[in-house]
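Reminder that position 80 of the sequence shown reads as 80 in full-length UniProt numbering, one-by-one numbering, no gaps. Note that beta-carbon positions come from the ideal geometry of N, C-alpha and C, so glycine has one too.
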Amino acid sequence: MNTAEQLLHLHFETFVDDHERWKTLIADDLVWELPFAPALGHPARLSGRDQVLGHVGWFVGAVENFRFHDLKVHPGAAPSEASAEVKAEGLIKPTGRLYQQDYVLFVRVENGKLAFIREYFDPVRAAIALDAPIPALVGST
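Pasting the structure below:
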């Protein structure tokens, strides 16, 4: 059985470079929380394989030469939990802008699959790279 620490390493190794393999790492009922995503008009929570794959598919399709680096994985109190800090960089295809991001993820594994992910990132960096408005700021001056 895979520990959360092992699955986090595999997550970052396969998310872009071997997306079909990445799909085998996630549970059918995966919950992926993105607390800062609503600032970009995206959902704060993705529930189930279809929602996750839809959102991830959009992201993977929008970036080019996306790479994770400086990965630090931290085991949790139990083998089923872990966290990670990672930097990433890629080109946003529709805008031609460089996207540089720092991520922090917390995961929980059940039955050898990623069952829960909570991901933190800077939505301002994403908005600039995507040339997207931040809905909370639109109209406020």
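Which two residues bound the contiguous alpha helix (DSSP H) that contains residue i?
i, result
"K23", "19 to 23"
"L7", "4 to 14"
Where does the unbroken beta strand (DSSP E) through residue i begin, and where does it stop?
i, result
"I92", "81 to 92"
"F68", "63 to 75"
"L30", "26 to 33"
"L115", "According to the sequence shown, residue 115 is Ala rather than Leu. Residues 113 to 120."
"L98", "97 to 110"
With distances taken Cα to Cα, identify the nearest neighbour of residue i among the options.
i, options, result
"Q100", "L46, E5, L40, F68", "F68"
"L7", "L91, L46, L25", "L25"
"G96", "R21, R45, D131, H9", "D131"
Is residue i helix, strand or coil when you go by DSSP?
i, result
"A132", "coil"
"F59", "helix"
"residue 142", "The question about residue 142 has no answer, for the chain in this structure spans 1 to 141."
Is the CB-CB distance between residue i and residue j below 8 Å?
i, j, result
"A82", "A27", "no"
"H19", "V60", "yes"
"L40", "A126", "yes"
"G57", "L30", "no"
Does residue i get closer than 8 Å to chain C when you measure Cβ to Cβ?
i, result
"T95", "Included in the structure is just one protein chain, with no chain C present."
### contact_flag[the segment 42 to 60, the segment 74 to 89] where n(CB pairs < 8 Å) is 3 or more
no
### Query
Would the segment 115 to 130 and the segment 29 to 41 be scored as touching if the rule is three or more Cβ pairs under 8 Å?
When C-beta atoms of the segment 115 to 130 are compared with those of the segment 29 to 41, three or more pairs fall below 8 Å, so the two segments count as touching.
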